[in-house]
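Asks: I have a structure here, written as structure tokens, and I will follow up with some questions on it.
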Amino acid sequence: MIRSDVVVIGGGFAGLIAALASAKRGKSVTLLTYGEGTLTLNSGVIDVLGFDENHNAVENPLAAIENLPADHPYKKIGTKALEESIDFFTAVARKNHIPYHGSLDRQMMVPTAVGTLKPTCFAPHSLSGSEVFPGKKRIVIVGIKGLKDFYGDIMVENLKKSLGEDKSYEVLEVETGLTGGRDITTQDVARWMDTDEGTSSFSKQLLKAESLQNGNTTDVLFVVPQVLGTKGHACYQTISSRVGTDVVETTCLPPSVNGMRLQALLIDSLRELGVDIVENTKVVGAEKDGTQATAVIAQTASNQKRYYAKKFILATGGFYSGGITMRDFEQPKEMIFDLPVYFVKGEENWSNKELFSNKPQGFAKTGILTDETLRPVDESGKRVLDNVYVVGRNLGGYDFCFEHSGNGVALASAYKAAMM
Amino acid sequence: MSDKTMIDEEERAIYSGDHCLSCTSCMANCPVMAAAKDYRGPKLVAPAHGRMHFSEDDTELSLDFCSNCKSCDRACPSGVAVSTLNMLQRAEYYKKHPHPQRDDMLAHAEKMAKLVNALPLGTTFANLGMKIGRSLGMFDSMGIAGEREMPAYASNTFAQEFRKIKQPSSDKKVVFFPGCSINYNEPHIGVAFVKVMNANGYEVILDEAFNCCGSPLVVTGYLDEAHEHAENNVERILYWKRQGIPVVATCTSCSLMLRKEYEELFGEEAMKEAGENVYDAFEFLEMLDAEGKFNTKLAPVNEKFLYHVPCHLKAAGIGTPVVSIFRHLPGAKVELADAGCCGMSGNYGFKKDKYEISMKIGEKLFSRIKAAHADDVICECPTCRMQIQHGTQAEPCHPIEILAKAYQ
Ligand SMILES: Cc1cc2nc3c(=O)[nH]c(=O)nc-3n(C[C@H](O)[C@H](O)[C@H](O)COP(=O)(O)OP(=O)(O)OC[C@H]3O[C@@H](n4cnc5c(N)ncnc54)[C@H](O)[C@@H]3O)c2cc1C
Ligand code: SF4
Ligand code: SF4
């Protein structure tokens, strides 16, 4: 029998954190994954709560959590666990050379790939836009020759709106020698930046910026795509120190280099603690004994394998990642433990026609409701399983996209579930 | 005649491109894309074209870069059989285009080996011939990487060695699928497998009616031939299945082909059924262990092993059974290399025009091995081992050899 203290199902941000926090408590952990989660698609910045129910910008996430509806995951998690989870995460990240900035009682504004600013709570130094904006007078927007989805002019336009017309804006294009063949991606450039040749060529080209040629060097801010190396923060530090001023990366379209840095960091930490990671195995069912789950059944290339444990953490990513499916309308299903799934009833409430409107999408709140220990409950609020914990995008009652709370809920719920 | 019932359409790999979300995870994890700017990558090739169900005539030429390492399949959250779609499309391409000269040789290693073994002293002369051929640059002119050594033929095949082994008879039996590499190049690995199984109370059967799993044929686009191999092998596997005897392989690419890729490529129900009766050697031992039936009377080894997990084992979704079995080995410490694909991917790294890409992909693993100071490097895949030896001078072995030694 393959037995561990804890089996975590799903290798997205929530699953990785749940596995790591469990292993740090000395538990034996098996992590079962099927496909990459959304971590490598998002920028690895931790949004805690960007907007409230009425789409008003939230200034103090910690305070705003108090006013959320009772079914919202943060209400179950509680602010204490949220704060502890942030401490846990930032300590792990710092130890592994990706220090994060931020605080739960205010927003940080990070620049996006089109030059708008987006609220988030925690970001690595390389992405911490608003931490370095004060005092900057000359903005240099760095493009990469051959890189898709980087539009210097649009960035200037938008940055002028968000940072002010009073600053000077310059667009500089870096030549990498990577062109020829297909379009290059931020990941290609980041790999090039992992080499000495890359960092040295990149910093030399930045040093040629008009804006650096007169005046105070530290007045200048370089805004670059997510290309400063594939691992850790060393490349970011080298570049900033060579140009003698701040450099900030933008968020970007998938795949995201910073998401990959964070993923690599978490996987390395799991390996260090001896966590068994089983890839490419879809969990398809569970064995139960009353209100206890005893094992999950996972699909191999041609067979099924059972993983027994005392405790199971379900981090399968909800609707987006297949943790919850809906073959028939109004019949959403959680496939592994057959947990009750909450959803907004009535087609008219299901979605609102405008995709980017100021009302949340009904369907996005679909998910599993839990009690305060994050164990699943049915419609009447009664707990259905005693040793299964639900985390991340599986949780019902919130719309991560509308309120900008994705990684925040994932982190806090995963940490709390691991501590239970 | 074998049963040609097809798997339900929704379940068939050939239609899995319909599930693509365009999330780009496959591209972010493709080692060839990382090493070669000319490869447009899996998302643009397989799912995009696969969605047309190959009805259109336009071929994405950069598909030639794909090594079938399956890193994309593992990354895909939507169950798209990305690499298989690539291989199906490659085969479509070669229906209308000629193969490069070297493909014939790289795809038909089994045929060559059979010829060589049929001649008196054939293996000796063939090994000599390969050395000479290489030094004269003959391989190079055929399109085979001159930097590489061709794997040498063993003086006896595994089948010959097997007949010499006196096994204790047992009711518990497994059929061993040695694959070409063990049968013709490294029979000692097969011998080690028999020893391990015997020590666990199993008698090993060798079924000489099996042929090459077909992996080298699939990756070079000889799909019809691969299909013939598949039909023969599936019929044999089902024959043993009916008697309740599992088929076990020590090569992780052979086992993946038998258990999963046949089904994905050809979509026949019988292939799926056969796949259920195929196991990797360490997976099988782990199953014994789960039932408390694994023989743990093992001599201490006191060594630190660096383990390179082959891509095709990762794709099998069974985790790393070597690690859990080695926990029973007194004094053994296993560290995962965790350095991605080795770059060899079967016969990919033997192609002259892919040699550089192959070595570039392997760099991370090479430096990991050089820095690790392990006593031994272990890996189940024969071509990964060749690549490791070529890139580092280390002499990796199959973990089953370590286990066999501990059963002394
Ligand atoms: C494009 C995009 C950009 C985003 N940007 C941001 C951002 O900037 N900041 C932010 O805070 N949030 C962002 N988010 C939201 C954030 O990514 C998620 O809310 C959060 O990370 C959810 O994590 P998760 O682990 O719960 O789910 P996921 O990341 O979806 O992971 C679920 C995992 O479970 C696996 N799985 C599913 N079913 C099974 C099964 N049966 N067996 C085994 N494994 C299974 C999946 O393959 C996957 O690996 C973004 C989301 C997207 C899609
Ligand atoms: S099989 Fe390997 S080389 Fe081919 S597309 Fe997938 S990841 Fe890339
Ligand atoms: S990983 Fe899968 S879903 Fe994502 S782009 Fe590739 S094939 Fe499509």
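Protein chains in written order, with the working numbering: chain A, 380 to 799; chain B, 441 to 848.
Positions of the beta carbon are idealized from the N, C-alpha and C atoms, including for glycine.
These numbers were taken from a predicted model, which means no experiment stands behind them.
Using a C-beta cutoff of 7 angstroms, does B:Lys-800 count as contacting chain A?
Replies: Chain A, which has no Cβ nearer than 7 angstroms to the Cβ of B:Lys-800, makes this no.
Asks: Does the beta carbon of B:Met-441 sit closer than 7 angstroms to a beta carbon anywhere in chain A?
Replies: Any reading at B:Met-441 is ruled out, since the residue's pLDDT is 45, under 50, leaving its predicted position unreliable.
Asks: Say yes only if the C-beta of B:Cys-470 is nearer than 6 angstroms to one or more non-hydrogen atoms of ligand 3, and no if none qualify.
Replies: No; taking the cut-off as 6 angstroms, the Cβ of B:Cys-470 has no heavy atom of ligand 3 nearer than that.
Asks: Measure from the C-beta of A:Ile-388 to each C-beta in chain B and report whether the shortest distance is under 7 angstroms.
Replies: It does not; no Cβ of chain B falls within 7 angstroms.
Asks: Where A:Asp-545 and A:Thr-660 are concerned, what is the direct C-alpha to C-alpha distance, given to the nearest angstrom?
Replies: Each residue's Cα considered, the two are about 55 angstroms apart.
Asks: Can you give me the Cβ contacts of B:Lys-773 inside the same chain, cut-off strictly under 6 angstroms, excluding the 5 residues immediately before and after it?
Replies: Lys-744, listed in sequence order.
Asks: Applying the criterion that 16 or more other CB atoms from any shown protein chain within 10 Å of the CB defines a buried residue, is B:Phe-766 buried or exposed?
Replies: The residue in question, B:Phe-766, is buried, as its Cβ has 16 or more Cβ neighbours within 10 Å.
Asks: Any idea if A:Leu-586 is buried or exposed, counting beta-carbon neighbours within 10 angstroms, 16 or more meaning buried?
Replies: It is exposed - the Cβ of A:Leu-586 has fewer than 16 other Cβ atoms within 10 Å.
Asks: In this structure, does DSSP put A:Ile-692 in helix, strand or coil?
Replies: Reduced to three states, the DSSP call for A:Ile-692 is strand.
Asks: Should the region 602-619 of chain A be regarded as contacting the region 561-569 of chain A, the criterion being three or more beta carbon pairs within less than 8 angstroms?
Replies: With a cut-off of 8 angstroms, the region 561-569 of chain A and the region 602-619 of chain A count as touching, because enough Cβ pairs lie within range.
Asks: Under 7 angstroms, Cβ to Cβ, is there at least one residue of chain B near A:Ser-648?
Replies: So, not an interface residue.
Asks: Going by the beta-carbon positions, is the gap between B:His-752 and B:Thr-660 smaller than 7 angstroms?
Replies: No, they are not a contact pair.
Asks: Here's a check: name, in chain order, each residue in its chain whose Cβ is nearer than 6 angstroms to the Cβ of A:Asp-655, leaving out the five neighbours to either side.
Replies: Once the five neighbours on either side are set aside, the close Cβ partners of A:Asp-655 are Thr-409.
Asks: What whole-angstrom Cβ distance do A:Arg-772 and A:Gly-696 have, given they're in contact under 8 angstroms?
Replies: Rounded, the Cβ-Cβ distance is 5 angstroms, consistent with contact.
Asks: Label B:Met-446 either buried or exposed according to how many other C-beta atoms from any shown protein chain fall within 10 Å of its C-beta, with 16 as the threshold for buried.
Replies: Classification for B:Met-446: exposed.
Asks: Should A:Ser-700 be listed as close to ligand 1, given that the test is whether its C-beta is under 6 angstroms from any heavy atom?
Replies: Yes.
Asks: What is the DSSP secondary structure of B:Cys-694, counted as helix, strand or coil?
Replies: B:Cys-694 falls in the helix class under three-state DSSP.
Asks: Taking only three categories from DSSP, how would you classify A:Ala-393?
Replies: Correct three-state label for A:Ala-393: helix.
Asks: So A:Pro-711 and A:Val-720 are supposed to be a Cβ contact under 8 angstroms. How far apart are they, rounded?
Replies: 4 angstroms between Cβ atoms; contact.
Asks: B:Ser-502: which of B:Leu-555, B:Cys-460, B:Cys-516, B:Met-473 sits nearest, CA to CA?
Replies: Among B:Leu-555, B:Cys-460, B:Cys-516, B:Met-473, the Cα nearest to that of B:Ser-502 belongs to B:Met-473.
Asks: Report the residue ranges of all beta strand (DSSP E) runs contained in full by the region 500-537 of chain A; include only those spanning at least 3 residues, in chain order.
Replies: Correct list: 501-503, 517-523.
Asks: Rounded to whole angstroms, how far is the Cβ of B:His-430 from the Cβ of B:Arg-588, which I believe are closer than 8 angstroms?
Replies: The shown model of chain B, from 441 to 848, leaves out residue 430 of chain B, and the question about it has no answer.
Asks: Anything in chain B within Cβ reach of A:Lys-684, meaning under 7 angstroms, just list it in chain order.
Replies: What A:Lys-684 touches in chain B: Ile-758.
Asks: Could you list the residues in the region 787-799 of chain B with a C-beta less than 8 angstroms from some C-beta on chain A, going in chain order?
Replies: Under the 8 angstroms Cβ criterion, the region 787-799 of chain B contributes no residue.
Asks: Identify the contact partners of A:Ala-688 in chain B, using a Cβ-Cβ distance below 8 angstroms as the criterion.
Replies: Going along chain B, no residue has its Cβ under 8 angstroms from A:Ala-688, so there is no contact; the nearest lies around 14 angstroms.
Asks: How about the region 435-448 of chain A and the region 401-421 of chain A: do they share at least three Cβ pairs that are nearer than 8 angstroms?
Replies: The region 435-448 of chain A vs the region 401-421 of chain A: no contact.
Asks: Beta carbons nearer than 8 angstroms to chain A: which residues of the region 515-536 of chain B have them?
Replies: Within the region 515-536 of chain B, the residues whose Cβ lies closer than 8 angstroms to some Cβ of chain A are Ala-515, Cys-516, Pro-517, Ser-518, Gly-519, listed in chain order.
Asks: Keeping to the same chain, check which residues put their C-beta closer than 7 angstroms to that of B:Tyr-593; ignore five residues upstream and five downstream.
Replies: The residues are Ala-553, Val-556, Thr-563, Ala-566, Asn-567, Tyr-624, Asn-625.
Asks: Under three-state DSSP, which class holds B:Tyr-455?
Replies: Here B:Tyr-455 sits in helix by DSSP.
Asks: Is B:Phe-598 near B:Ala-689, with beta carbons less than 7 angstroms apart?
Replies: Contact flag unset, no.
Asks: Give the residues of chain B in contact with A:Gly-380, contact being defined as C-beta atoms less than 7 angstroms apart.
Replies: Sequence check: residue 380 of chain A is Met here, not Gly. The contacting residues are Ala-730.
Asks: At the level of alpha carbons, what is the spacing between B:Ala-649 and A:Met-705?
Replies: Each residue's alpha carbon lies about 46 angstroms from the other.
Asks: Measuring CB to CB, does B:Gln-827 end up less than 7 angstroms from B:Gly-786?
Replies: Not closer than 7 angstroms, so no.
Asks: Let me know the secondary structure DSSP gives A:Thr-578 once reduced to three states.
Replies: Of the three classes helix, strand and coil, the one that applies to A:Thr-578 here is helix, per DSSP.
Asks: Per DSSP, what kind of secondary structure is A:Ala-796 in: helix, strand or coil?
Replies: Helix at A:Ala-796.
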